[in-house]
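Structure first, commentary second.
Numbering (UniProt numbering), first residue to last: 1 to 593.
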């Protein structure tokens with residue numbers, strides 16, 4: 001027969017009771033022992049376990065013991081997982097998030113990944129999962145769509161390649177079943193090489209689109225070649241989709257991966273937002289799953305993923321849009337644009353451990369800086385969008401082989417390219433945004449190796465100096481306190497973009513060479529136009545083209561002249577100001593006497 005105590009326990013099941021406040025009443029009813037019998041432990045884990053147990057008490061005597069033990073094990077497991085995520089700076093949002101993987105053996109035992117694939121992973125130099133891989137692998141192996149962000153050099157490529165290769169299994173005559181989109185050809189080639197290495201022994205065929213003129217031959221309707229994984233840039237894939245007779249079908253795509261997604265989703269000339277819309281429409285298979293990866297991402301991109309992806313998980317490793325702690329960072333003041341070339345030569349003359357990447361703002365400035373350094377007894381080359389693909393590939397190969405010590409480049413090389421052992425990154429031109437800064441310096445300090453980044457700045461860069469300085473301090477490098485106090489200027493994005501582009505020439509020598517080249521070109525164009533006029537071909541298409549080229553050359557020369565006048569007036573103004581101050585000081589001294 002049930003006692004009053006049993007009835008009381010059943011009636012109050014699930015109700016939280018303040019045991020400290022009502023301790024005398026609980027002791028009188030026999031629901032709690034005296035204070036002297038309390039355990040003396042004060043660990044937070046134990047307290048949390050006790051709270052969990054008290055909430056699950058049901059007052060059924062012996063039957064309650066296994067439930068307590070079971071609840072304790074669950075709670076201990078939660079604490080362990082929470083500790084793993086905290087130690088590795090893993091933050092993840094979403095429902096039903098699986099536990100992170102801490103050992104390669106778990107891939108085989110818990111997820112059925114083949115030993116061949118795991119061995120390929122080990123052969124790449126991985127001894128244990130990186131933080132992004134710990135949480136990304138169980139998410140993707142479980143079929144979850146996700147937006148993932150992690151510092152540069154943290155193993156993001158292997159994080160999405162391994163689940164894709166595992167889930168595709170064996171080759172099938174269905175065409176492409178996975179598409180990986182990268183913003184640049186260099187990054188696409190790098191991803192292709194890594195994918196081929198990981199897929200060894202699986203039979204899966206990987207292809208990267210290299211030349212447009214070969215596309216029709218390889219992917220036409222009569223083609224018998226079948227691939228499983230496609231690595232490409234957005235423009236080339238859109239070209240294949242929009243051909244009169246589509247050169248590719250994406251009906252069977254199971255995984256669509258966007259690498260460096262923040263750059264792909266940018267609007268305007270530099271972004272690929274319109275191309276991505278067409279790619280999404282073409283990948284309309286019933287099994288489609290999507291993953292977006294980058295070192296940085298914005299709030300609009302995150303909101304887009306929440307609105308458009310199914311059961312999306314938001315995965316972030318480290319601080320958002322942060323620099324790597326393995327990179328020692330330094331901000332160097334150079335006065336003006338002319339001071340940068342002296343600062344760079346001084347830095348290289350002191351001695352450095354190659355290889356070194358030097359980032360500039362435009363292709364023209366990359367050419368100018370290359371011409372300045374090529375005679376300084378430094379093995380230097382330049383890579384930018386105006387060079388042919390063959391030249392760019394040869395340049396990258398030479399840099400990887402350390403035949404080139406210093407590589408001058410534009411933003412083209414700041415995204416995802418993995419150069420082994422880059423020891424120094426120099427931001428010759430101040431980065432236009434925090435995202436650009438993070439990606440640039442992310443070319444060094446990769447895979448837990450140490451690196452160094454030096455950023456030159458002038459007074460014209462002051463509007464963005466504060467936010468970069470705070471990022472440098474947050475990653476552990478020294479920054480003067482006055483830099484941290486600088487507030488970001490209230491300027492529109494257009495004004496900031498214009499500020500970054502208005503840098504002029506790298507040096508006085510570069511300006512002289514450019515002006516001399518334009519004057520010679522102007523003379524040649526005038527001569528050719530004069531010959532056409534003498535032949536009575538004034539209104540021809542050729543004459544119109546020459547007039548347009550001549551107008552562009554005149555505009556460039558006028559811009560240089562205007563800049564010189566502006567600099568002269570500025571210098572004269574400072575001189576007059578100094579003279580006025582001197583005269584005023586002399587007057588005060590005379591008056592005092």
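Built from N, CA and C at the ideal position, the CB exists for glycine as well.
Here the region 164 to 178 makes no contact with the region 309 to 323; the two share fewer than three CB pairs at distances below 8 Å. C-alpha of residue 414 to C-alpha of residue 74: approximately 44 Å in a straight line. Taking the Cα of residue 454 as reference, the smallest distance to any Cα among 429, 81, 296 and 446 is reached at 429.
When the alpha-carbon of residue 143 is set against those of 329, 569 and 312, the nearest one is in 312.
For the set 227, 373, 93 and 323, the Cα lying nearest the Cα of residue 433 is the one of 323. Residue environment for residue 583: exposed (fewer than 16 other C-beta atoms within 10 angstroms of its C-beta).
The shortest C-alpha to C-alpha distance from residue 449 to any of 295, 325 and 177 is the one to 325. It is roughly 45 Å from the alpha-carbon of residue 244 to the alpha-carbon of residue 422.
Residue environment: residue 435 is assigned as buried (16 or more neighbouring CB atoms within 10 Å of its CB, all protein chains considered). Residues 434 and 488 of the same chain have their beta carbon placed closer than 6 Å to that of residue 467, with the five preceding and five following residues left out of the count. Nearest to residue 261 by C-alpha distance, out of 272, 409 and 254, is 272. A distance below 9 Å separates the beta carbons of residue 238 and residue 278. Along the length of the UniProt domain "DEAD-box RNA helicase Q" (106 to 134), whole alpha helix (DSSP H) runs at least 4 residues long occupy 115 to 123, reported in chain order. Secondary structure of residue 427 (DSSP, three-state): strand. A residue is called buried when at least 16 other Cβ atoms come within 10 angstroms of its Cβ; residue 538 does not meet this threshold and is exposed. Excluding residues up to 5 positions away in sequence, 357, 358, 359, 360, 366, 382, 383 and 384 lie with their Cβ nearer than 8 Å to the Cβ of residue 409 in the same chain.
Straight across, the Cα-Cα distance linking residue 150 with residue 88 is about 11 Å. Here residue 560 is not bridged, per DSSP, to any residue. In this structure, residue 465 sits near residue 486, with a CB-CB distance shorter than 9 Å.
The beta carbon of residue 137 lies closer than 8 Å to those of 101, 107, 111, 129, 159, 162 and 163 in the same chain, with the five residues before and after it left out. Apart from the 5 residues on each side of it in sequence, residue 549 sits with its Cβ closer than 7 Å to the Cβ of 525 in its chain, given in chain order.
Residue pairing for residue 289: DSSP places it in a beta bridge opposite 255.
With respect to the C-alpha of residue 334, the residue from 527, 92, 561 and 460 having the closest C-alpha is 460. By the Cβ rule, the region 327 to 344 does not count as touching the region 388 to 401, because fewer than three pairs are nearer than 8 Å.
When DSSP assignments are scanned along the region 71 to 105, the uninterrupted stretches of beta strand (DSSP E) that are 3 or more residues long and fall wholly within it turn out to be 90 to 93.
Residue state for residue 358 is assigned as strand, using DSSP reduced to three classes.
Between residue 340 and residue 458, the CB-CB gap stays under 9 Å. Partner residues in the beta bridge of residue 452, as assigned by DSSP, are 328 and 424. In the structure shown, residue 577 adopts helical secondary structure according to DSSP, grouped into three states. Exposure of residue 123 is indicated by the presence of fewer than 16 other C-beta atoms within 10 angstroms of its C-beta. Residue 377 and residue 94 have their C-alpha atoms spaced approximately 55 Å apart. When secondary structure is reduced to three states using DSSP, residue 515 falls in the helix class.
Annotation: the continuous alpha helix (DSSP H) that includes residue 307 extends over 299 to 308.
Counted as a single uninterrupted DSSP element, the stretch harbouring residue 381 is not any alpha helix (DSSP H) but the beta strand (DSSP E) occupying residues 380 to 383. Following the DSSP letters along the chain, one finds residue 436 inside the alpha helix (DSSP H) bounded by residues 434 to 441. In the three-state DSSP reduction, residue 232 falls in the strand class (E or B).
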